[in-house]
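Working notes for the structure below.
In my numbering, the protein residues as written are 25 to 498.
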């Protein structure tokens, strides 16, 4: 058997088994054989005479649970080394996957410092501004790789996640994670207020259809007045995609597809600021957002009725760090999408995607691509979801045997939100937009700005910082 044919057969066999994919067509297998062979051949040609290929990866938490972002890369290298060994290739892959619990800002600062010094990792997961990274040549497109393996494996990833890594007509990453934003609330507090489980299920449906934000507010108010909680609601202590949620549920929008520009709807911003002021005035929301640790501990301990600060995967961190029991997770907590706050708006959740990216300083991009292929296989997805309780990123995972029992079946149920989640805003200034809006929310909550003044100030700052890339609408 010649080398190319040997590569074809063995690579196809190993990747197919590693991915645990079930194919109904032998034709599909035969059609991918030559592609697989050529890609591994290209990777081997890329390494030339090297005996050991060393790759580095930076992987963000920022909490402790998503360590599988790093370990799945390490496992992928082991699988690839077994393939190379079976082929008799005299080369091995070593990957140093550094897992970091740094927050998003410090993590990005560390990456860019390494990049500017010419020491960027080959693979990074934890950077979200794909347009900026792509425009500045920091990451490389993966169109050829994705096209080559689409029919074998990537076709199974939720379309919304595939769109999240696409910008300017090119694919820039491989989706690894999704964290749809939601409202978490305490069922046990509602029971103390006299509601039955059936009433709770009807009153707070997971898709939030048929209800408004007022329902959450009224329940939070009842819990506060009954002395059951310290605060009715808490929200993020930092900017996030909840900015998109807030603007949308109050009747606005943040992105215009036709022009490709960001949007501020002043009337929606005013309603949003007025709502936050009212919540603080009524003692339902703290004047200053507590720290992340305080937010999580208060909710787990039942001192808060609802949190807007978390996503569907946060319970894994609550159980690991804050003492939430599996029984309480199953029986006492509920979640739902964000309901509309004004007539005409609709329920919303955001995608919260996070992809693996390959940097332009990577010496062996073809090898790195194969690592990402294996690190996002269905089996790798299962490991990540079991560890983090985050939604599976592939549709076929609904049938994975390891995900059929509680609590892991939860990751399949929450993945349904990926079908309807709002697409992420992919714009170079989106991060700046979120930060500016968030600072004005804080100003209103602290009593520094009135809602009306906050709108006018917000318009000025957005125009100064983002210029003609933001459309201001009444």
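From the three backbone atoms N, C-alpha and C, an ideal C-beta is built for every residue, glycine too. Just so we're clear, the structure is a prediction, and the values are computed from it rather than from any experiment.
Checklist entry - Within 10 angstroms of its Cβ, does residue 150 collect 16 or more other Cβ (buried), or is it exposed? => result Your numbering for residue 150 matches position 126 in the chain shown. Here residue 150 is buried, its C-beta having at least 16 other C-beta atoms within 10 Å.
Checklist entry - Taking C-beta to C-beta, are residue 237 and residue 451 nearer than 8 angstroms? => result Mapped onto the chain shown, residue 237 falls at position 213. Mapped onto the chain shown, residue 451 falls at position 427. For residue 237 and residue 451, no; Cβs fall outside 8 angstroms.
Checklist entry - When DSSP labels each residue in this structure, what does residue 438 get in the three-state scheme? => result Start at 1 with the first residue of the chain shown, and residue 438 comes out as number 414. When DSSP states are grouped into helix, strand and coil, residue 438 belongs to the helix group.
Checklist entry - From this set, 398, 464, 377, which residue's C-alpha is nearest residue 169's C-alpha? => result Translated into the one-based positions of the chain shown, residue 169 becomes position 145. With distances taken between Cα atoms, residue 169 lies closest to 398.
Checklist entry - If you draw a straight line from the alpha carbon of residue 366 to that of residue 377, how long is it in whole angstroms? => result Working through the chain shown from its first residue, we reach residue 366 at position 342. Working through the chain shown from its first residue, we reach residue 377 at position 353. C-alpha separation (whole angstroms): 27 angstroms.
Checklist entry - Near residue 217, which residues of its chain fall below 8 angstroms by C-beta distance, leaving aside the five closest residues on each side in sequence? => result As a working note, residue 217 is residue 193 in the chain shown. Around residue 217: 243, 246, 247, 250, 252.
Item to check | When 93, 240, 304 are compared against residue 199, the one with the closest alpha-carbon | outcome: The residue labelled residue 199 in the question sits at position 175 within the chain shown. Here the closest residue by C-alpha is 93.
Item to check | Option in 336, 386, 91, 273 with minimal Cα separation from residue 437 | outcome: Locating residue 437 in the chain shown gives position 413, counting from the first residue. Checked all of 336, 386, 91, 273; the closest Cα to residue 437 is 336.
Item to check | Within the region 334-385, ranges of the beta strand (DSSP E) (whole runs, at least 3 residues) | outcome: 357-360, 377-382
Item to check | C-alpha gap between residue 146 and residue 227, whole angstroms | outcome: Start at 1 with the first residue of the chain shown, and residue 146 comes out as number 122. Start at 1 with the first residue of the chain shown, and residue 227 comes out as number 203. In a straight line, the C-alpha of residue 146 is about 49 angstroms away from that of residue 227.
Checklist entry - Hey, is the region 313-323 in contact with the region 168-186, meaning 3+ C-beta pairs nearer than 8 angstroms? => result With the rule of 3 Cβ pairs closer than 8 angstroms, the region 313-323 does not count as touching the region 168-186.
Next on the checklist: Please classify residue 142 as buried or exposed, where buried requires at least 16 neighbouring CB atoms within 10 angstroms.
Outcome noted: Position 118 of the chain shown, counting from 1, holds the residue named residue 142. Per the 10 Å Cβ criterion, exposed.
Checklist entry - Cα-Cα, which of 291, 125, 203, 282 is closest to residue 88? => result Position 64 of the chain shown, counted from the first residue, corresponds to residue 88. Ranking the options by Cα distance to residue 88, first place goes to 125.
Item to check | Backbone CA spacing between residue 364 and residue 295 [nearest angstrom] | outcome: Locating residue 364 in the chain shown gives position 340, where the first residue counts as 1. Locating residue 295 in the chain shown gives position 271, where the first residue counts as 1. Going from the Cα of residue 364 to the Cα of residue 295 covers about 12 angstroms.
Checklist entry - For the beta strand (DSSP E) that contains residue 257, what are its first and last residues? => result Walking along the chain shown from the start, residue 257 turns up at place 233. Residues 255-258.
Item to check | Buried or exposed by the 16-neighbour rule on C-beta atoms within 10 Å, applied to residue 472 | outcome: Taking the first residue of the chain shown as position 1, residue 472 is located at position 448. By the C-beta density criterion, residue 472 is exposed, having fewer than 16 other C-beta atoms within 10 angstroms.
Checklist entry - Can you tell me where the alpha helix (DSSP H) with residue 457 in it begins and where it stops? => result Counted from its first residue, the chain shown places residue 457 at position 433. It spans 454-469 - the alpha helix (DSSP H) in which residue 457 sits, taken as one unbroken run.
Checklist entry - Between residue 195 and residue 166, is the Cβ-Cβ spacing less than 8 angstroms? => result As a position in the chain shown, residue 195 is number 171, starting the count at 1. As a position in the chain shown, residue 166 is number 142, starting the count at 1. With respect to the 8 angstroms criterion, residue 195 and residue 166 are classified as neighbours on the basis of their beta carbons.
Checklist entry - Is the Cβ of residue 159 closer than 8 angstroms to any Cβ of chain C? => result Looking for chain C here will not work: only one protein chain is present.
Checklist entry - So the beta strand (DSSP E) residue 201 belongs to, where does it begin and stop? => result Residue 201 sits at position 177 when you count from the first residue of the chain shown. Where residue 201 is concerned, the enclosing beta strand (DSSP E) stretches over 198-202.
Checklist entry - Counting pairs of beta carbons, one from the region 456-469 and one from the region 297-306, are three or more of them closer than 8 angstroms? => result yes
Item to check | Cβ-based burial, residue 355 [other Cβ within 10 Å; buried from 16] | outcome: As a first step, residue 355 must be located in the chain shown, where it is residue number 331. Classification of residue 355: exposed, given that the 10 Å Cβ count is below 16.
Next on the checklist: If I follow the unbroken beta strand (DSSP E) through residue 328, where does it start and stop?
Outcome noted: As a working note, residue 328 is residue 304 in the chain shown. From DSSP, the beta strand (DSSP E) with residue 328 extends over 328-331.
Item to check | Inter-stretch contact (C-beta, 8 angstroms, three-pair minimum) for the region 90-109 and the region 131-140 | outcome: no
Item to check | Contact belief for residue 435 with residue 459 at Cβ below 8 angstroms, rounded distance in angstroms | outcome: Counted from its first residue, the chain shown places residue 435 at position 411. Counted from its first residue, the chain shown places residue 459 at position 435. With a Cβ gap of about 31 angstroms, residue 435 and residue 459 do not count as contacting.
Item to check | Contiguous beta strand (DSSP E) assignments of at least 3 residues, all confined to the region 240-288 | outcome: Runs of the beta strand (DSSP E) lying entirely within the region 240-288 and spanning at least 3 residues, in chain order: 255-258.
Checklist entry - When the Cα of residue 448 is compared with those of 461, 202, 312, which residue comes out closest? => result Taking the chain shown and counting its residues from 1, one reaches residue 448 at position 424. In terms of CA proximity to residue 448, 202 leads the group 461, 202, 312.
Item to check | Every unbroken beta strand (DSSP E) within the region 101-150, with a cutoff of 3 residues, ordered by chain | outcome: Qualifying beta strand (DSSP E) stretches, in chain order: 116-124, 147-149.
Next on the checklist: So the candidates are 192, 197, 175; which of them puts its Cα closest to the Cα of residue 163?
Outcome noted: Translated into positions along the chain shown, residue 163 becomes position 139. 197 is the residue among 192, 197, 175 whose C-alpha sits nearest the C-alpha of residue 163.
Checklist entry - Going by the CB atoms, is the gap between residue 427 and residue 406 shorter than 8 angstroms? => result On the chain shown, residue 406 is found 382 positions in, with the first residue counted as 1. On the chain shown, residue 427 is found 403 positions in, with the first residue counted as 1. Against a cut-off of 8 angstroms, the Cβ pair of residue 427 and residue 406 comes out as a contact.
Checklist entry - Ends of the beta strand (DSSP E) at residue 174? => result Along the chain shown, read from residue 1 onward, the residue named residue 174 stands at position 150. Counting along the chain, no beta strand (DSSP E) covers residue 174, and no H or E run does either.
Checklist entry - In three-state DSSP terms, what is residue 446? => result Position 422 of the chain shown, counting from 1, holds the residue named residue 446. Residue state, collapsed to three classes: strand.
Next on the checklist: Buried or exposed, going by whether 16 or more other CB atoms sit within 10 Å of the CB of residue 268?
Outcome noted: The residue you call residue 268 lines up with position 244 of the chain shown. Label assigned to residue 268: buried.
Next on the checklist: Between 152, 424, 389, which has its C-alpha nearest residue 401's C-alpha?
Outcome noted: As a working mapping, residue 401 is identified with position 377 in the chain shown. Residue 401 has its Cα closest to that of 424, out of 152, 424, 389.
Checklist entry - Can you list, in chain order, the residues of its chain whose CB lies under 7 angstroms from that of residue 66, leaving out five sequence neighbours each side? => result The residue you call residue 66 lines up with position 42 of the chain shown. Within the same chain, residue 66 has close Cβ partners 390.
Next on the checklist: Taking a contact to mean a Cβ-Cβ separation below 8 angstroms, would you say residue 16 touches residue 494 in this structure?
Outcome noted: A query on residue 16 cannot be resolved here, the shown segment of the chain reaching from 25 to 498 and no further.
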